[in-house]
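S.K.: First the structure, which I've put down as structure tokens, then a few questions once you've had a look.
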Amino acid sequence: MGYDAFVRCNCFKEGKTKPFRYSKYVKLYPEGPELELPEELAKNHDLAFDMRDEFYNWKEYACEHENMKYCSERIGNIAGMGWLRTCIECLGGEREFPVLTSQLPHSNDGFMPMEYNERFRGDLDKLIKQQITVYQIVNTPDSPFSSDNHSSYLMPENKDVLLCENENNKLYSHNDVFRIEKHGEIIFRSSRFNVERIINRRFIFKDRTQKAESTIFFDLNFFRNHNKQKLSYKKETFYMQNELKYEYEVFMNLLKASKETGNPICWC
Ligand SMILES: [Zn+2]
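Take the sequence shown: its position 5, counting from 1, is numbered 1441 in our numbering, and each next residue is one higher.
Quick look at the structure:
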């Protein structure tokens, strides 16, 4: 499962395809030719099945382009697309990248109307030049309880992130500072601290100078191996020209093919 895209060729439109005996039932869509049988033929299931079978065989090798695809690209798997969306979101989302945000595929069908092509390219060119600095809460490497656990939250620099909340407690992170608020008052604030899980959903936070308690924690995975953890921050910068190099090239190929053929980029 993942995301692919293609741009169809013009061979059928230009009459360059091999002959097909049911061509009078073939209709051209942005995604390519489709067989549309009239009701009286479609009702005859065996015949319709054979005709469709013949159509798909024909379509696959009807011209020099396999399946009439002038350009065909793998955009990425679900995780790859998720990372692309995360990067866009961290860098301003819809406000900064309106066309990328609205036109990236959410499913494996449909197409991007060609009027968006240039602005899609503009958003990509803008995205690829940027970088994202994020903070992540991790187990301190020298912790005796250290494991490969780390929070999956990537928190953009200079952003106040609400990690979790319930009636009484709010857990926040801002750059490399973690804090707990109770009824709007800060009761704990630290960059490097211990946290201990005690049954009945009590979490004790401690560092050299302070101690606080909360009834919630933002990522229970930390406690998979041990109920006591030493936590601190990791800062990382991601350069889009490295992170999205592949996706950028793929989209540029598709945009080029779309321009050359006059056909839209289709998602599949
Ligand atoms: Zn072709």
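Positions of the beta carbon are idealized from the N, C-alpha and C atoms, including for glycine.
Would you decide whether residue 1441 is buried or exposed? Buried here means 16 or more other CB atoms lie within 10 Å of its CB.
M.R.: As a working mapping, residue 1441 is identified with position 5 in the sequence shown. The residue is buried, with at least 16 neighbouring Cβ atoms inside 10 Å.
S.K.: From residue 1538 to residue 1546, what does the alpha carbon distance come to, in whole angstroms?
M.R.: For the purposes of this step, residue 1538 is taken as the residue at position 102 of the sequence shown. For the purposes of this step, residue 1546 is taken as the residue at position 110 of the sequence shown. The straight-line gap from Cα to Cα measures roughly 13 Å.
S.K.: Would you call the segment 1657 to 1674 in contact with the segment 1567 to 1578, where contact means no fewer than 3 C-beta pairs closer than 8 Å?
M.R.: Contact holds: three or more Cβ-Cβ distances are below 8 Å.
S.K.: Buried or exposed: residue 1444, going by 16 or more other Cβ atoms within 10 Å of its Cβ?
M.R.: Translated into the one-based positions of the sequence shown, residue 1444 becomes position 8. Per the 10 Å Cβ criterion, buried.
S.K.: Using CA atoms only, rank isn't needed, just tell me which of 1695, 1644, 1615, 1657 is closest to residue 1650.
M.R.: As a position in the sequence shown, residue 1650 is number 214, starting the count at 1. Ranking the options by Cα distance to residue 1650, first place goes to 1615.
S.K.: Is the shortest distance between the beta-carbon of residue 1696 and the beta-carbons of chain D less than 7 Å?
M.R.: Note that chain D does not occur in the displayed structure, where there is just one protein chain.
S.K.: To the nearest angstrom, how far is it from the Cα of residue 1629 to the Cα of residue 1573?
M.R.: For the purposes of this step, residue 1629 is identified with residue 193 of the sequence shown, where counting begins at 1. For the purposes of this step, residue 1573 is identified with residue 137 of the sequence shown, where counting begins at 1. Cα to Cα, residue 1629 sits roughly 11 Å from residue 1573.
S.K.: Based on the DSSP output, what are the partners of residue 1449 in its beta bridges?
M.R.: Walking along the sequence shown from the start, residue 1449 turns up at place 13. DSSP, once it has assigned bridges, lists no residue as partnering residue 1449.
S.K.: Would you kindly work out how many angstroms separate the C-alpha atoms of residue 1523 and residue 1592, rounded to a whole number?
M.R.: Reading the sequence shown from its first residue, position 87 is the one you call residue 1523. Reading the sequence shown from its first residue, position 156 is the one you call residue 1592. Answer to the nearest angstrom: the Cα atoms are 10 Å apart.
S.K.: Mind checking whether residue 1463 and residue 1470 have CB atoms under 7 Å apart?
M.R.: Here residue 1463 corresponds to residue number 27 of the sequence shown, with the count starting at 1. Here residue 1470 corresponds to residue number 34 of the sequence shown, with the count starting at 1. For residue 1463 and residue 1470, yes; Cβs fall inside 7 Å.
S.K.: Would you list the residues whose beta-carbon is nearer than 6 Å to any heavy atom of ligand 1, in the order they occur in the chain?
M.R.: Result (chain order): 1445, 1447, 1499, 1500, 1501, 1504.
S.K.: Would you kindly report the start and end of the unbroken alpha helix (DSSP H) that includes residue 1534?
M.R.: As a first step, residue 1534 is located in the sequence shown; it is residue number 98 there, counting from the start. It spans 1534 to 1539 - the alpha helix (DSSP H) in which residue 1534 sits, taken as one unbroken run.
S.K.: Is residue 1536 close to ligand 3? I mean its beta-carbon at under 6 Å from any heavy atom of the ligand.
M.R.: This structure lacks ligand 3; the ligands present are ligand 1.
S.K.: Would you mind working out which of 1618, 1627, 1561 sits nearest residue 1609, comparing C-alpha positions?
M.R.: Your numbering for residue 1609 matches position 173 in the sequence shown. Per the Cα distances, 1627.
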